[in-house]
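Remarks on the structure that follows.
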């Protein structure tokens, strides 16, 4: 199994935005130091997030690291001009020596309709159309194309040409079959959010992905799935883990209530029992991941990159414990295909 740390760069005002960005970069450096396989930055365009420009953040992380793969989580192609998105990420592909993976999706949040004039009625069609053009731009030196949502192209050239030919693109999926079907159609991997709800709706979407994968004529053995988690804290005993994480969980629920969001898991115990949150002893976390793997068949999973209220010492200690006692067991129990290797400068 492969392991990513992912951040949406939540910013609630306890420190400056400058300090928060610095923390994100430092966490990426720590992730590489501790042996995580990837580090991801999300894209959101509303409070309480300041992750509106993943290629800029990831470019800085690329300069501070050398081995870890860099992920977007997700690139909201429904909002972006696919030509401009291509230019940004092809540039980042070179700056990172070919360490870039994309996770794409339609995005979440009501603000995007106001900022980008993308509505619930057209967001999926925008996502599909933008991805189809994006993948052609990445693969073809000249592109002739027409669609609904941007001006047409005639023998268009885009520069720079990318380092990875082609890049691997995952499709982020939370609740909708549209993204699942798009991934299966093109033979792309799927990354299930697996954060907000109990396991059942995510397992159903992954099953649908595998069905559609076969429908489109792909070898079932080639399907690749990743899955998220809603939070992480490991300690030598479950009692220590729960006691340390409870104020963090309670603060998160309070923030969600303040934002008017539905509360799916009102207590930490409920979240541990029914949700994907990983809080407990190393063995408890191993057992839970293996239980989820039986439903998902996933080879990649993500943990939250942020301290979320932990002290820097607690944050580092729990990530060190993950790599020392949890990751080696899961890597041995769940075989996974290798990530693409950095290409290096040509």
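Residue numbers (UniProt numbering): 1 to 346. Think of the CB as a built atom: it goes at the ideal place given N, C-alpha and C, for glycine as much as any other residue.
Q: Look at the alpha carbon of residue 290 and the alpha carbon of residue 147, and state the distance between them as a whole number of angstroms.
A: Start at 1 with the first residue of the chain shown, and residue 290 comes out as number 290. Start at 1 with the first residue of the chain shown, and residue 147 comes out as number 147. If you take the alpha carbons of residue 290 and residue 147, they lie about 44 Å apart.
Q: List the DSSP bridge partners of residue 304.
A: Start at 1 with the first residue of the chain shown, and residue 304 comes out as number 304. Paired residue(s): 6.
Q: Give the range of the beta strand (DSSP E) segment to which residue 104 is assigned.
A: Taking the chain shown and counting its residues from 1, one reaches residue 104 at position 104. Per DSSP, residue 104 belongs to the beta strand (DSSP E) from 100 to 105.
Q) Secondary structure at residue 237, three-state DSSP: helix, strand or coil? A) Walking along the chain shown from the start, residue 237 turns up at place 237. It is coil, neither helix nor strand.
Q. Which of helix, strand or coil does DSSP assign to residue 170?
A. Locating residue 170 in the chain shown gives position 170, where the first residue counts as 1. Residue state, collapsed to three classes: strand.
Q. Expressed to the nearest angstrom, what Euclidean distance is found between the alpha-carbon atoms of residue 329 and residue 31?
A. As a first step, residue 329 must be located in the chain shown, where it is residue number 329. As a first step, residue 31 must be located in the chain shown, where it is residue number 31. Distance between the alpha carbons of residue 329 and residue 31 is about 19 Å.
(Q) Less than 6 Å between C-beta atoms, sequence neighbours within five positions excluded: which residues of the same chain meet that for residue 82? (A) As a working note, residue 82 is residue 82 in the chain shown. Taken in chain order, the residues that qualify are 130, 133, 134.
Q: Check whether the Cβ atoms of residue 308 and residue 7 lie closer than 8 Å to each other.
A: Within the chain shown, residue 308 is the residue found at index 308, counting from 1. Within the chain shown, residue 7 is the residue found at index 7, counting from 1. No, these two residues do not count as a Cβ contact at 8 Å.
Q) Between residue 68 and residue 34, what straight-line distance do the alpha-carbon atoms span, to the nearest angstrom? A) Counting from 1 along the chain shown, the entry for residue 68 is found at position 68. Counting from 1 along the chain shown, the entry for residue 34 is found at position 34. Straight-line Cα distance between these residues: approximately 10 Å.
Q.
Please state whether the Cβ-Cβ distance between residue 227 and residue 233 is less than 8 Å.
A. Here residue 227 is taken as the residue at index 227 of the chain shown, counted from 1. Here residue 233 is taken as the residue at index 233 of the chain shown, counted from 1. Not in contact: residue 227 and residue 233 (Cβ atoms no closer than 8 Å).
Q: Assign residue 22 to one of three DSSP states: helix, strand, or coil.
A: Numbered from its first residue, the chain shown carries residue 22 at position 22. In this structure, residue 22 counts as helix in the three-state DSSP scheme.
Q) Taking just the CA atoms, how far does residue 258 sit from residue 112? A) Locating residue 112 in the chain shown gives position 112, where the first residue counts as 1. Locating residue 258 in the chain shown gives position 258, where the first residue counts as 1. So the two alpha carbons sit approximately 20 Å from each other.
Q | Simplified DSSP assignment, three categories, for residue 31 | A | Start at 1 with the first residue of the chain shown, and residue 31 comes out as number 31. Here residue 31 sits in helix by DSSP.
Q) Are residue 168 and residue 93 closer than 8 Å when you measure CB to CB? A) Your numbering for residue 168 matches position 168 in the chain shown. Your numbering for residue 93 matches position 93 in the chain shown. Contact flag unset, no.
Q. So, do the segment 1 to 15 and the segment 322 to 338 have three or more beta carbon pairs nearer to each other than 8 Å?
A. yes
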